[in-house]
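Protein chains in written order, with the working numbering: chain A, 168 to 475; chain B, 152 to 700; chain C, 25 to 330; chain D, 1339 to 1674.
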Amino acid sequence: MASETSPRPADSLLDIQRTWWDRLAFIGRLLWRDKGGMLGLFLFLLVVFSAVFAPWIAPHDPLEQVMEDSKMPPAWSVGGSWEHPLGTDTLGRDIFSRIIYGSRVSLTVGFFGVLIAGTLGMIIGAIAGYLGGRVDSVITNTVNLVLSLPYLLFVVFIAAIFGRSLLNVILIFGITDAPIFARVTRGEVLKIRESGYVESARCAGASWARIVFDHIMPNLIGPLITLATFEMSAMIFYEAGLGFLGLSVPPSVPSWGNMLAAGRQYLTSYPWIATFPGVAIMITSLGMNLLGDWLRDVLDPRLRRARK
Amino acid sequence: MKAKLLGLLAVILAVSMIVVGCAPAPTPQVVEKVVKETVVVEKPVEKTVVVEKQVVVTPTPGKPQPKGTLRFALSGEPNSLYIPATADKNADIAASQLYDPLVFQDDDGTIVPALAESWEVSKDGTEYIFHLRKGVTFHNGEPFTADDVIATWKYGMGEGSSWPDRYSIAKSVEKIDDYTVRVTTDGPKPLLLVTMHDFWSIIPNEYMEKVGLDGFQQHPIGTGPFMFVEWVKGDHITYQANPNYWREGQPRVEKVIFRFITESSTRVAALTADEIDLTKRLTAEEANQLLSVPGVKVIQYPVARIFYIAFNNLTTGKGLPTEDAKVRQAMNYAVDVDAILKSLFGGAGKRAAGFVASSELGYGVVKPFPYDPEKAKQLLAEAGYPNGFKIDMACPTGAYSHFEEVCQAVAGYLEKVGIKVNLEFMESAHYWDLEAKKELPPLFGDSWADESGEAYNRLKGALGGWDAPYSSWSDPKIDELLDAISKEVDQAKRKALYEELQVYMQENPPFIYLYEPYTFEAMRDRVMDYYPRASEMCYLNKVWLATPE
Amino acid sequence: MLRYFLIRLGQSLALMFGVLLLVFMMLRVTGDPAALMLPREASAAEIEAFRERMGFNRPIIVQFVDFLSKAVVGDFGESLHFRTPAMTLVTQRLPATVELAATGLLFAVLIGVPIGMMGGLKPGSAADSLARLLALMGQSIPNFWLAMLMILFFGVQLRWFPTFGRGAWNSVVMPAFVLGLPVMGQIVRLTRSTVLEIRSEDFVRTAYSKGLEPPVIYLKHILRNASIPIISVIGVQFGYMLGGSIYIETIFAWPGMGQLLQLAIGWRDFPLVQAIAIFTSTVVIALNLLTDLVYAIIDPRIRYGF
Amino acid sequence: MAIILEVRDLKTRFYTVDGVVHAVNGVSFDLAKGETLAIVGESGSGKSVSVMSLLRLIPMPPGRIESGQALFYGSDGPKDLLRLSQKELRDIRGGAIGFVFQDPATSLNPILTVGEQIIEIITRHLHLSRHEARERALQLLASVGIPDPEVRLGCYPFQLSGGMRQRVMIAIAIACNPQIVIADEPTTALDVTVQAQIVELFKRLRQELGMALIWITHDLGIVAGLADRVMVMYGGRPAEVALVDELYDHPLHPYTIGLLGALPRLDVDESRRLVSIRGTPPDLMIPIQHCPFAWRCDYAFPRCWEEIPPLVEVRPKHMAACFFDIERGEPRHDGN
C-alpha cells in the first residue's frame, strides 16, 4: 500500500514540525512565486553586498578630493568619464564610491537602529503584555505619549545635546522607534496569552524559557521581522531627512542624507550630485518595502491565504 | 507583478538618467563685463561686480515717479521691524527701509546728514549738537521734532530692546529747542555717529506713546522712504513708497514686498521663475548656476566677516603647547588658506590678514601669513615640539557655508606638520552654548562679522578675556590697545592704534586667521542702482526698476 | 458611550500632562538659553540679568509649576526672537499648516482609498498593480527630494505652479502633493490589505448570499468595516502632517508651523519651541480622541463598551 | 415528485499559490421540491464547496468552476445556475435560494443592526418599502422564535447569544420565501442544547414554508430524523447516495460504513461503536486516477488503484461508487 501520510499543504512556515531545511525550501518556493518579493530581496542583498564589500567595489576613496575633476557629469553625459561612472561632486569626490560607502552608513543606521528599537520595544512590550494590569497601562500610556510627540523635536533635541555622530543618530532612532515595537509586541503577546496555549503549556510543566522560546517567540518573530523591515527602510529615509536638516552624521561621513543635503544647492546645474543619492535611497527603500510586503505575506499565513 | 515592478524601476531609473543627462553640461562661465570699481576714500572698499550680460537701461524717468514692485527674498523672516529689537540681518534690512537716522553713512563710508542737517562736536568730543531737518513728517503725518530723537534714545535703552548699549553710548540726549538736540557722552565715543546710523532710527514719540511697544511692532512708523502696509506672518511683508519722503525723487519703486525663503535652492528657483526680483546670501555654486539664466544678474562682494580658528588660554588651552606664540605662528604658516578658498569657494573669498577686515579702518599694515609648512616645522622645533603634538578641535555644523569642510581641511594641513588634530563637530546652537561657557576644546572654529566699519567690536568680543562671553583669550597688551582705541576720537590716531594692534597680533596670533568670505546676490536685470554694503546691509531708496511691470 | 468618552478624555488629559512634563524636561536639559539669546558682545552681568528676568535661575521645580500654571491658560511666554506671545505666533501659523495638511490629506484619501479598495477587491488585477505601485512609490521616494525636483520641473521649467509661498489657489498644489504622497502610499497599502482581509470574512459571503448588488456590498459591508483601521491611520497621519511638515514647509517657504519650528530651533527660541511642541502634541492628542469617537460611531462594539 | 434542482458533473478547482486544489471532482445529484437532502462528509470532502459553487459563492479567483450543469426549476422555467449572468444570479441568491452558514458569530456583519441585515435582503428581493420590510422583519424574527423582536431588531450581533444569532441567520435565509435553503453546518458552532432547538426550528419551517433543504454536515447522527435522502461525499466525489433509512440499513461504501461505525449508536452492540477510520483524508492537490478512498480502505484491491469507481445504482434508489460488493464480500464483476 502506498504511503499512509500523504504530503499536506503547509499551513505555516512556523509549523513546529517542519525542519529548518523544509522551511528554507519552502521560502525558496514562495519567493520564486512572488516576483516582487524576489526583486525586493535582490535589491536588499545588493545594498548589503555593496556595504560589506565597499572597499573592493568602490573605484575610489570616497573622501579623496581631486579638485581638478570636480563636478564631472556621469559617464554617459558629455564630458563624463568611466573613471567616475556617476560623476563627481563639487570637491571632486567620486559619487559612485560615495554612494557605495554611503550604503554602509544607511545600513548601519537602519540595522542597529532597528536592533536597539526592536530589543527595547520587545522587552517593554513583552513585559506589558505578559504582566498586564497596572504595569501594562502605565507602559501603554507612556508609549502613546512618546508616539504623540512631534517626532522631529525629539531628534533635534538629542542632536543638539550630543552633537552629530553615527552613534547618536542610531541612538535617536533606536529610542524613538522603540514604542512602535513595544506596541506590536504587546499586541501579539496579548493575543498569544488569550489563545490559551501558553497556559496549557505551563500546565504541561514547560519551563519559563521553554514557553518563551517555543511558544511566544515563534509567534512574535513573524510580525516583528516584518515590522523591522519596514522600520529599517523608514530609518534609512529619516537619516536622509536628518542629513537634509544638517542633523545627521558628521559632514565628513559620506552618507546619502549628507550627499543629498550638499547636492541640493547644485540641483539645477549639476543635478547628478543630488540625484544619485536620491535614487539610491529610493531603490533601497523600494527593495525593503517589497521585501517587507513579501515577508508579511509569508510570515502571516492568514494573509498569505488571502492573497491566493 | 514582476514585469510591472521591473518596469517601474526602469522608468524611475530612466527618468533620473534623463534628468541627469539632459542637464546642461557645465558650461565655462562667460563673464562679459567685469566692472571693478575701487573707491578709495577714508576706507578702501573693494567691490567686484560681475555682470553676466550688458543690461539695456531705459533712461531714468524724467519726472521721478515711483514705479513698479520690488520683490525681495529674505533668507528668513524678520523677528521684528522695530530696530532695537532686530535680531539678524534680515530684520535689519527690512526694518531699515522704514526709518531714517539723524546721520547716514554713505555707500563709501562717509557720514552725511540725514534727519540732522548739520552737527557740531565739542573740543573734548563728549558733546554733540544736532540741528534737525525741518518739515519732515512721519508716515502718520506727525511732524518730526527733537522729542522724537529723545524718545528713540529712551525706548532704545528700555524694555524690548536687544541692543540697549547701542543707545546708552550717549549719557544724555537733551532738547535745546524743537529742532536742536544735544547728545553728551561719557568720554569720547569715536563710534557714536556710526552707531547712530546703525541703530538710532527715529521713531514718532506721540504714536509710540499712544500705541505702546506691541502696537508699534504691529504697525511700525518712521520717516523713511517706505511705509509699512502689512505683514502676513511667515509669508511676506509689504511696503509702499512714502510720497512725502524728504529726499527729492526717492524712493523710486512704488512697492516693496519681502518674501521669506529659508531654503536657498528655492530662492534660486524663484528668481529663475521670475517670482522674485532680488535675493541675497547665495552660495558660490548657486551664483554660478544663475549666471547662465537669462534675465538674471549676479554680484559678489567681500563681507566684513572674518573666519578663524581660535586658541584658548583661559580654560581648556591652559598648559598646552598653543600657549607658546611660536607654535601659534607655526600653525598659521601651516594652513594653505588660498587652496581651501579655491577648492571650496571657487576662489570666492579673501585670505584674512589678521582680525581686521579689508573694508575696515587700519587694514593693510600686515600681510597674511604665507603658506610655508617648512617654516611651520622649524618654528615648532624651536618651540620644542619637533614631532608635533596632539590637540582637540571643534567646529560648528549648520552655521556657515562649507565651514565643516574648511575645518576638515585645516585639520588636514595641521597634521601635515605633525600636529594630530582630533576634530569634533557640534550642532551650532549647542556649540555656541559651549563657546559662551568657554568649554570648547583648545582649538575651535568660528567667524565674526561687524558692521561699524571698524574692527573694534569684533576684537573686543573675541579677545576680551573673561569679560567677553565668546572670548577664550586674554592678553594684557591687547587689552591695553583696545582700551586706547575705545577712547581715541581722532581717526588717524585710531588707525595707528589698529595698526599697532595688528602687528602685535601677527607676532602673537590668538587665532589661525582664515578668510573673509564673499557673498553672492542675484537679481533680475531690471533691478537698478542696488548697492549692498560690506555689512550685507542695503538701502532701497535709490533702487529702481528698468522695466516696471 | 458617555462613559467611554469620559475615560478617553481622562486619558487624554493625563497624556497632556505627560507631554508638558516631557517637553519641559527636554528643553531644560539642552543647555542654558540665556547665553545664547543675547548678542555675543553681552557681558556676563547682562547674561545674568537676563537669566534673572526669564526665571532660568530658579529651582527647576518652581520653574515647572510656574510653567504648568501658565500652560493651562495657553500662556507659553513671549517668543524671545519675535518678542510677541509665542502662542499668538503659533496660532497665526496654524491656518497655513492646516490648509496644507488638510489638502494633502484630502488628496491622499481621495486617491488612496478608492485605489486601495480596487486593489483589495481584485488582487492581481491591473488596479491592484497600480495600487501596489502607488503605495511603493509613496513610501520609497524621499519627499524633500521630490519637492526640489518638482520645483525645478513644474515651477521653473513649466511654470505651472508657483515655486514657493502661499498665495494663489495653485500654490498649495505642489507642497500638498509632496506632503500627501507618503500618506497616500500608506493609505493605499492599508486599505488594500484591510479590504483583502475583510473581503474573505464570512459576513461578506453572507452579503453575497443575500444577492446584494456589488456596490452595496463594497460600500456598506466592506468599506464600512475597513474604515475603522483606515480612520485610525488618517488620524495619526493628520497629526504627523501637522507637526512634521518641517521639510516641505521649509523648501516651499510655506508660512506654517513647521517652518516656524525650524526657525525657533535655529534661534533656540525656548518659549516658541515649547509652544509649538505642546500645541502640536495637543492637536495630535485631540485628533486621537476625535478618531476614537469616530470609531465609536462606526463600530457599535466600542460604543457599547465591548 | 417534481425536481427543483438538478446538478450534473460539477467540478471545482482552486488555483492557489501552493498548487491546484481539486476540491470537487464531478458531483451530480437531484433535489425534489420540499425534499431535504443531507450532504455528509469529513472536512475537505468537498461538500460545502460543491454546494457553494452552485451559486458561485466560493472565492473566485482562486476558485474556478471547471464544468458541470445545475438546472434550477424555478417559477419561470429551468435555468442553469452555472451559466447565469451575475445579475440573474444575484436575483436567485437570497431570493429563491436562501443560505444559513456555520458560524453565526462571523457570518453577521458586526457593525450593522440585526434589523438592517434582515431589512436589506427584503427590500432587495421583495421590493417592499422600508416600513413594510420592517414589519416583515418583525414577523420573521417572531417566526424563528426570537422573543421581543421589536427590541432585537435594533440590536447588534454581538449583543445576541449564539443561538439567537443563528436564528437571525435563518430569518435572513427564509426572508424572501425561498424554494431552497442551503444550510452549511448550521449547528456545528452551537451548544448541544441549542443544536437540537435549531434542528427543530428547521423542521417546523420546512413544514410551514414547503421549501427544499440542503443540509451540509459532517455528523451523520443529526441526519437521521431530519433528512429524506443522504449523499455521502469523499475526496470531492459522491461516495454513496440513498434514502436515509436505506443508507443506515444497507451502507454500501466502505467509507459510509466507517462513518456509521464512528457514530455512537444505541441500537447496535458495543463492539461496533466508535470504530474510527484510520489514515487521513486525501491531499486534493494531487489529481488522482483511482479511488480516493483506496489509501484508507480495508477492502481495496488492485482495481481500486487503477480506476475511479463510478457512481452506480446498486440497490433501488441507492447508488454507490465502489468496486467492492460489501454484501457479498468480494469485488463486483458486473463490468462496472
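All C-beta atoms in this analysis are idealised placements derived from N, C-alpha and C, irrespective of residue type, glycine included.
Which stretch, first to last residue, makes up the alpha helix (DSSP H) that contains Gly-207(A)?
-> Note, Gly-207(A): alpha helix (DSSP H), 202-219.
Who are the Cβ neighbours of Thr-178(B) in its own chain at under 6 Å, not counting the five residues just before and after it?
-> Residue placement at Thr-178(B) is flagged as unreliable, the pLDDT there being 34, under the threshold of 50; the coordinate-derived value follows with that caveat. Same-chain partners within the cutoff: there are none.
7 Å Cβ shell around Glu-381(B) - same chain, five flanking residues per side excluded = Take Glu-381(B), set aside five residues on each side of it, and the residues of its chain with a beta-carbon closer than 7 Å to its own are Thr-389, in chain order.
From the DSSP output, read off the bridge partner residues of Met-577(B).
-> According to DSSP, which records beta bridges pairwise, Met-577(B) is partnered with Pro-547(B).
Ranges of the alpha helix (DSSP H) found wholly within the region 67-143 of chain C, counting only runs of at least 4 | Along the region 67-143 of chain C, the alpha helix (DSSP H) occurs as fully enclosed runs of 4 or more residues at 68-78 and 84-96, listed in sequence order.
So, does the CB of Leu-160(C) fall closer than 7 Å to a CB anywhere in chain A?
-> Judged by the 7 Å Cβ criterion, Leu-160(C) is in contact with chain A.
Distance between beta carbons of Pro-472(B) and Phe-540(B), contact taken as under 8 Å = Indeed they touch by this definition, with Cβ atoms about 5 Å apart.
Option nearest Val-332(B) by Cα separation, candidates Glu-310(B), Thr-303(B) and Gly-338(B) | Answer by Cα proximity: Thr-303(B).
Three-state secondary structure assigned by DSSP to Val-332(B) | Of the three classes helix, strand and coil, the one that applies to Val-332(B) here is strand, per DSSP.
Compare the C-beta of Gly-79(C) against all C-beta atoms of chain B and say whether one is closer than 7 Å.
-> Not closer than 7 Å to any Cβ of chain B, the Cβ of Gly-79(C) fails to qualify, so no.
Work out the CA separation of Val-488(B) and Pro-537(B) for me, nearest whole Å.
-> So the alpha carbons of these two residues sit roughly 23 Å apart.
Cβ of Leu-434(A) versus every heavy atom of the ligand FAD: is any distance shorter than 6 Å?
-> In the structure on display, the ligand FAD does not appear, and there are no ligands present to speak of.
Would you verify that the beta carbon of Gly-140(C) is, or is not, closer than 7 Å to some beta carbon of chain B?
-> Output row for Gly-140(C): interface = no.
Could you say which of Ser-164(C), Thr-112(C), Ile-165(C) and Ile-139(C) lies nearest to Ser-153(C) if we only look at CA atoms?
-> Nearest to Ser-153(C) by alpha-carbon distance, out of Ser-164(C), Thr-112(C), Ile-165(C) and Ile-139(C), is Ile-139(C).
Kindly list, in the order they appear in chain B, the residues whose Cβ is closer than 7 Å to that of Pro-199(C).
-> Neighbours of Pro-199(C) on chain B: none; closest Cβ ~11 Å, over 7 Å.
3-residue-minimum beta strand (DSSP E) runs that sit fully inside the region 242-292 of chain B, ordered along the chain = The region 242-292 of chain B contains these whole beta strand (DSSP E) runs: 254-256, 262-264, 267-272 and 278-283.
Contact list for Glu-1458(D) against chain C, beta-carbon separation under 9 Å | One finds Ala-231, Lys-234, Leu-236, Val-240 and Lys-244 in chain C with Cβ atoms closer than 9 Å to the Cβ of Glu-1458(D), taken in chain order.
Report all residues from its chain with a CB closer than 7 Å to the CB of Glu-555(B); omit the five preceding and five following residues, and keep chain order.
-> The residues Cys-546, Thr-548 and Phe-576, in chain order, have a CB closer than 7 Å to that of Glu-555(B) in the same chain once the five nearest residues on each side in sequence are set aside.
Would you please verify whether the beta carbon of Leu-181(A) is less than 7 Å from any beta carbon of chain C?
-> Because the pLDDT of Leu-181(A) is 45, which lies under 50, any placement of that residue in the model is unreliable, and the question is left without a value.
Contact the region 336-352 of chain A vs the region 397-406 of chain A: 3+ CB pairs below 8 Å = Segments in contact, yes.
Going by beta carbon distance, what residues of the same chain come within less than 6 Å of Ala-38(C), once the five residues before and after it are set aside?
-> Around Ala-38(C): no qualifying Cβ.
On the three-pair Cβ rule with 8 Å, is the region 500-509 of chain B touching the region 457-467 of chain B?
-> Contact between the region 500-509 of chain B and the region 457-467 of chain B is present, with at least three C-beta pairs closer than 8 Å.
Since Tyr-564(B) is in the alpha helix (DSSP H), which residue starts that stretch and which ends it?
-> Run containing Tyr-564(B): 554-567, per the alpha helix (DSSP H) assignment.
Beta-carbon proximity list for Ala-550(B), same chain, < 6 Å, skipping 5 on both sides | The residues are Ser-579.
Simplified DSSP assignment, three categories, for Ala-1562(D) = Looking at Ala-1562(D) - three-state DSSP - the assignment turns out to be coil, as it is neither helix nor strand.
Hey, Trp-624(B) and Leu-465(B) are a contact pair by Cβ (cut 8 Å); roughly how many whole angstroms apart?
-> About 7 Å separates the two Cβ atoms, so the contact holds.
Could you tell me which of Leu-1590(D), Thr-1525(D) and Ile-1403(D) sits nearest to Arg-1505(D), measuring between CA atoms?
-> Answer by Cα proximity: Thr-1525(D).
Interface flag, Val-637(B) vs chain A, CB-CB below 7 Å | What sits at residue 637(B) in the sequence shown is Ser, not Val. Not closer than 7 Å to any Cβ of chain A, the Cβ of Ser-637(B) fails to qualify, so no.
Give a yes or no on whether the minimum CB-CB distance between Arg-301(A) and chain B is below 7 Å.
-> The beta carbon of Arg-301(A) does not come within 7 Å of any beta carbon belonging to chain B, so the residue lies off that interface.
Among Ile-1536(D), Ser-1383(D) and Tyr-1494(D), nearest to Leu-1450(D) - alpha-carbon criterion = From the listed residues Ile-1536(D), Ser-1383(D) and Tyr-1494(D), the smallest Cα separation to Leu-1450(D) is found for Tyr-1494(D).
Could you check the C-alpha separation between Asp-303(A) and Val-43(C) for me, to the nearest Å?
-> When rounded, the distance between both Cα atoms is 19 Å.
Using only alpha-carbon positions, find the residue among Ala-1443(D), Leu-1348(D) and Gly-1384(D) that is nearest to Leu-1409(D).
-> Measuring from the Cα of Leu-1409(D), the nearest candidate turns out to be Leu-1348(D).
Assign Glu-605(B) to buried or exposed, taking buried as 16 or more other Cβ atoms, counted over all protein chains shown, within 10 Å of its Cβ.
-> Buried: at least 16 other Cβ atoms inside 10 Å.
Name the residue from Gln-87(C), Gly-280(C), Ile-300(C) and Pro-279(C) whose alpha carbon lies nearest to the alpha carbon of Ala-110(C).
-> Closest by alpha carbon: Ile-300(C).
List the residues of chain C whose Cβ lies closer than 9 Å to the Cβ of His-1463(D), in chain order.
-> His-1463(D) reaches chain C at Lys-234 and Gly-235, counting residues in chain order whose Cβ is nearer than 9 Å.
Please classify Ile-321(C): is it buried, with 16 or more other beta-carbons within 10 angstroms of its beta-carbon, or exposed?
-> Ile-321(C) counts as exposed, since fewer than 16 other beta carbons sit within 10 angstroms of its beta carbon.
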